[in-house]
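*Asks:* Protein chains in written order, with our numbering: chain A, 520 to 873; chain B, 520 to 873.
Every residue gets a Cβ at the ideal spot worked out from N, C-alpha and C, and that includes glycine.
For clarity, every value in this text was computed on a predicted model and none was experimentally measured.
Attaching a single structure in structure tokens format; questions to follow.
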């Protein structure tokens, strides 16, 4: 079980920071961080010994604090998901040379409502990956024409809820997303995967051959020197890797992809503040208030406070997030651009705020 | 010279508070409070001995701090402008029984760019009030169809820039304001007045006879007991006064009104945050930032920070005001409703914030 905890989640500024990425935030009402929830959900499936988190070494103290029992694989630098997953695969091969283990890959920062249904889907994905040389993705039944997710077109039924993948599609336009929803036969790409280590590495050899060579070299370094002693050499090789997603670099090209059309388990990738808000019920005016606020003549607004009162007057579809040391006010349709704030603050040298 | 400093300016929340009304805020770049600027502007005209501020006794320490040399007339409770002006008139009569002094009435909380032109207009108003038994209002040449101001229709030219008032008009609809502007011959009602004490009190006798009787009684108390000893009795009488504005209670009915059609002196009644913003130049996107902010894909926005960064993304015509302990986010067209926030906070017992 490999948990990817590499990103910063800069669209969650001002709560997320380089020193406190989104996966360590407690965004629900429970006080549990996203990464804690992710580990808790899968423990009944695999046990603690089989969980590893891939993350930047700088995050080690946070990982120790949030999920102390979990093993950490150091991602020397941010290189997108393909390099990360490749590194996890060779690390698993070195740790269990005789097994060709099935790897389950999960993002650390998603929200899921129904844990049991998630585990049922993962069980089916693991079975598929164990039985056949396939690359399995968990698909989510779409509930609306979402333009922030990738889509998967289902092909032939294999068994249970597993289908051959006919094709992966990038994040669509609203018109296209609407068409996918009406046509049926499409799933959202959850970014949760299952495959044997040897199968994904074979696919790297086919579609990302340079990275596959580097990963083979990393494997030799790890076998010879171990993780500690080999770290510098691993980092050198890793630094040469292309920064590409597993979807774009591998899955969209592979012919042996399978999608588990999961039963709805209340999935939300919490990609931005509007998606975070989807986890909660709104009031009669469509407003969501978490904290101390006065809301007047406003609708469709989201307000999260941090100790001080926020007053919203005459606003429509505006999101207000107070982190205590910074304040974000963003229109609903511009939530994806919050990362531009982080870019601008970096440009200004405001390391205290990013 | 009577400065009215009674209001709270609740549309300036979260900066204005019951304990720090708008007139004591420094809203420009100079650091000077509105009341300080008001006094500074008129000193060359009348000298310090002739300036009095009418305000609630609770504001005495603030008045002492901001305008220490100015005499204070206690307004026992908020009763709108008619009662306030009546009290100032009888107080002046008692202080100078042989003079029938000309009173100039000024709001404490307006912004004015060209002090010399203001004084020129006031000089003309004082001359008119000294020479004739008239009620003089300073009129402002309208520059746009403003719906937040009262209008005055000019009649016959008297002399210089002074005209008989044909009629006062309440705050108009946008269509009507547009018509006034196109037709010409209208001024904005600035709320600055000049008249002899006896003339305004005669008008009270005609249009607010009960208040006139009370004021006569207050005069007797002041003559007999002085301000200190008579305070409780004055407060009792004042408490019985109708809460009505001088415009609505007197001027709209009087036949002896004169308007000085002043040369444009950059007047702004700073009635709400959008009007405050009019005192400053905007950037190319029509945004105004005072403080530490990141503004992305936004236009027509006003941001005033208080030590913490504010990021605005994808906003149009939104005003964000941080006071440190509270935050206001209001759409431009709803600025008048900021007072509802104050009402709601009072309802919730948040005396720390109002």
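1. For residue 847 of chain B, which of helix, strand or coil comes out of DSSP?
2. Pick out the complete beta strand (DSSP E) segments inside the segment 760 to 835 of chain B, 3 residues or longer, and give them in chain order.
3. Going by other Cβ atoms of all chains shown within 10 Å of its Cβ, with 16 needed for buried, is residue 875 of chain A buried or exposed?
4. Below 8 Å, how does it come out for the segment 593 to 608 of chain B and the segment 844 to 855 of chain A: are there three or more Cβ pairs, yes or no?
5. Put residue 744 of chain B into one of helix, strand or coil per three-state DSSP.
6. Could you have a look at residue 669 of chain B and say whether DSSP puts it in helix, strand or coil?
7. Closest Cβ-Cβ distance between residue 833 of chain B and chain A: below 8 Å?
8. Report the residues of the segment 705 to 729 of chain A with a CB closer than 8 Å to any CB of chain B, ordered along the chain.
9. State the start and end residues of the unbroken alpha helix (DSSP H) segment that holds residue 605 of chain A.
10. Who are the neighbours of residue 856 of chain B on chain A, taking C-beta pairs under 7 Å?
11. Quick one: using the 10 Å Cβ neighbour count with 16 as the cut-off for buried, is residue 845 of chain A buried or exposed?
12. State whether the segment 531 to 544 of chain A contacts the segment 558 to 570 of chain A, with contact taken as three or more CB pairs (one from each stretch) at a distance under 8 Å.
13. On the three-state DSSP scale, how would you describe residue 711 of chain B?
14. Short of 6 Å in beta carbon distance, which residues of its chain neighbour residue 588 of chain A, apart from the five on each side in sequence? Order them along the chain.
15. Where do the ends of the alpha helix (DSSP H) carrying residue 625 of chain A lie?
16. How many whole angstroms separate the CB atoms of residue 525 of chain A and residue 611 of chain A, which I take to be in contact at a CB cut-off of 8 Å?
17. Between the C-alpha atoms of residue 872 of chain A and residue 779 of chain A, what's the straight-line distance to the nearest angstrom?
18. For residue 845 of chain B, go through chain A and note every residue whose CB falls closer than 8 Å to its CB, in chain order.
19. Take the Cβ of residue 868 of chain B as the centre, count every other Cβ of all protein chains shown within 10 Å, and call the residue buried at 16 or more, exposed below.
20. Do the segment 710 to 722 of chain A and the segment 645 to 663 of chain A touch if we need at least three Cβ pairs shorter than 8 Å?
21. Using a beta-carbon distance below 8 Å, is residue 864 of chain A in contact with chain E?
22. Select from the segment 654 to 666 of chain B all residues with a C-beta closer than 8 Å to any C-beta belonging to chain A, and list them in chain order.
23. What is the residue span of the alpha helix (DSSP H) that residue 702 of chain B lies within?
24. For residue 545 of chain A, write down the residues that DSSP places opposite it in a beta bridge.
25. Under a three-way DSSP split, which group does residue 685 of chain B fall into?
26. Based on Cα-Cα distance, which residue from A/655, A/660, A/527 lies nearest to residue 874 of chain A?
27. At the 8 Å Cβ level, is residue 839 of chain A part of the contact set with chain B, yes or no?
28. What does the alpha-carbon distance come out to for the pair residue 593 of chain A and residue 697 of chain A?
29. How many Å lie between residue 791 of chain B and residue 546 of chain B at the Cα?
30. Using only alpha-carbon positions, find the residue among B/563, B/732, B/632, B/859 that is nearest to residue 789 of chain B.
31. Would you list the one or two residues that DSSP bridges to residue 571 of chain B?
32. Just to confirm my understanding: we take residue 847 of chain B, look at its own chain, exclude 5 residues before and 5 after, and list those with CB closer than 6 Å. What are they?
33. So, with DSSP's three-state summary, where would you put residue 663 of chain A?
34. Would you call the segment 815 to 828 of chain A in contact with the segment 684 to 694 of chain A, where contact means no fewer than 3 C-beta pairs closer than 8 Å?
35. Buried or exposed, going by whether 16 or more other CB atoms sit within 10 Å of the CB of residue 759 of chain A?
36. I think residue 599 of chain A touches residue 762 of chain A, with their Cβ atoms under 8 Å apart; what is that distance to the nearest whole Å?
*Replies:* In this structure, then:
1. strand
2. 776 to 780, 807 to 809, 812 to 815, 821 to 823, 828 to 832
3. Outside the displayed span of chain A (520 to 873) sits residue 875 of chain A, for which this structure offers no information.
4. no
5. helix
6. coil
7. yes
8. none
9. 599 to 614
10. 815, 816, 832, 833
11. buried
12. no
13. strand
14. 567
15. That residue, residue 625 of chain A, is in no alpha helix (DSSP H); its beta strand (DSSP E) goes 621 to 626.
16. Rounded, the Cβ-Cβ distance is 17 Å, inconsistent with contact.
17. 41 Å
18. 827, 828, 829, 830
19. exposed
20. yes
21. Structure shown: chain E not included; protein chains present are A and B.
22. none
23. 693 to 702
24. DSSP, once it has assigned bridges, lists no residue as partnering residue 545 of chain A.
25. strand
26. A question about residue 874 of chain A goes unanswered here, because the residues of chain A that appear run from 520 up to 873.
27. yes
28. 40 Å
29. 11 Å
30. B/632
31. B/521, B/590
32. 533, 840
33. coil
34. no
35. exposed
36. 5 Å
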